[in-house]
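Please read the structure below before turning to the comments.
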Amino acid sequence: MTTLQTTTPLRLHHLHLCSSAPDALAAFYQELFELQPVSAPERLIALAGGERAVVIHQGESGGLAMAAYAARSPEELAQLRDRLAELVCDSGPEGEIFFAPGAFTVTDPQGRRLLFGVPRSGRQPDRLAARLQHTVFQTTELKTVVDFYVERIGFTISDEVVADEGTVATCFLRSDDEHHSLAFFQGSRNVWDHHCYETSCWNDIRDWGDRFARVRRGIFFGPGRHGPGNNLFFMVTDPDGNRVELSAELERVAADQAPGVWPHEEYTLNSWGRGWIRT
Ligand SMILES: [Fe+2]
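Heads up: the sequence shown begins at 63 in my numbering, then just goes up one per residue.
Pasting the structure below:
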């Protein structure tokens with residue numbers, strides 16, 4: 063089977079957030095994540111750092127308008143576009159803030175938009191490492207969306223969390239050799255769950271914790287270690303209540319590795335103890 067990992071690897075590159083208070087949200091990412099404004103189409107705020115970037119749209123807070131994944135080259139993007147031809151829509155100017163002309167979008171069966179493109183420029187290291195790395199959604203139709211992302215787009219299942227009765231509760235999907243760049247939880251709503259930044263080591267996790275502490279933005283989940291992905295993590299929220307994860311040591315997965323299966327319990331979500339199981 064053709065997979066992204068083996069043909070056209072993708073990495074999460076930036077996110078398009080919706081906010082009813084875009085200036086306050088932008089101030090948070092500028093201050094805490096050291097992002098700087100860059101030019102953007104009217105009514106959008108675009109901010110970029112070394113290995114993280116965000117576009118903020120006026121809208122209902124808590125929504126993710128688009129998740130943007132970067133291909134490694136124009137040739138690989140063209141290959142991907144050809145393979146997804148019947149799903150492809152032009153991205154318009156908002157897709158070309160950080161990506162070169164030729165970026166395109168794909169919409170999943172529940173209306174989530176993914177943007178695919180090639181970055182306009184290379185990325186420099188940030189002062190405090192934290193590369194935008196994955197995003198996660200809650201869905202009412204886990205099998206439908208996972209089938210779409212695996213069979214149509216080419217993501218690979220790295221791990222599944224399975225409940226006692228055999229139903230899949232969570233699915234972690236990779237688009238290159240990192241354990242997951244996208245994941246879905248089965249739940250009662252179709253909402254954005256969180257996004258995550260991968261740091262370079264445990265000491266970075268400490269430094270990020272100290273950075274949030276200076277502005278009294280406390281950790282609400284973690285620190286701990288996830289079972290699937292084996293990554294160290296903690297989570298805070300931004301001013302809109304969006305959950306933001308800082309991570310380290312995320313597992314890498316070979317292309318031929320069979321999907322893992324984990325029990326649906328607290329210690330899967332956090333092997334150090336208290337979990338946070340979505341309903
Ligand atoms: Fe995560």
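Just so it is clear, CB atoms sit at the ideal spot from N, CA and C, and this is done for glycine as well.
Ligand 1 never approaches E327 closely enough for any of its heavy atoms to be under 6 Å from the residue's Cβ. Counting only beta-carbon distances shorter than 5 Å to the non-hydrogen atoms of ligand 1, the qualifying residues in chain order are C258 and E307. Classified as exposed, Q186 has fewer than 16 neighbouring CB atoms from the shown chains inside 10 Å of its CB.
Within its own chain, the residues whose Cβ lies closer than 8 Å to the Cβ of L94, once the five positions on either side in sequence are excluded, are R273, F274, V277 and R279, listed in chain order. The three-state secondary structure of F210, taken from DSSP, is helix.
Between the alpha carbons of D209 and V168 lies a distance of about 15 Å.
In the three-state reduction of the DSSP assignment, E327 falls in the coil class, being assigned neither a helical nor a strand state.
Taken through DSSP and simplified to helix, strand or coil, G286 comes out as strand. The straight-line gap separating the alpha-carbon atoms of V180 and E113 is approximately 14 Å. Here P171 has E203, T206, V207 and F210 as same chain residues with Cβ atoms under 8 Å from its own Cβ, once five neighbours each way along the sequence are excluded. Here L106 carries a strand assignment [DSSP, helix/strand/coil]. Note that the C-beta distance between V116 and L77 is below 7 Å. Counting C-beta atoms within 10 angstroms of its own C-beta, C258 has 16 or more neighbours from the protein chains shown and is therefore classed as buried. Less than 7 Å divides the Cβ of L312 from the Cβ of E260. Per the C-alpha coordinates, the member of C80, P155 and Q248 positioned closest to Q120 is C80.
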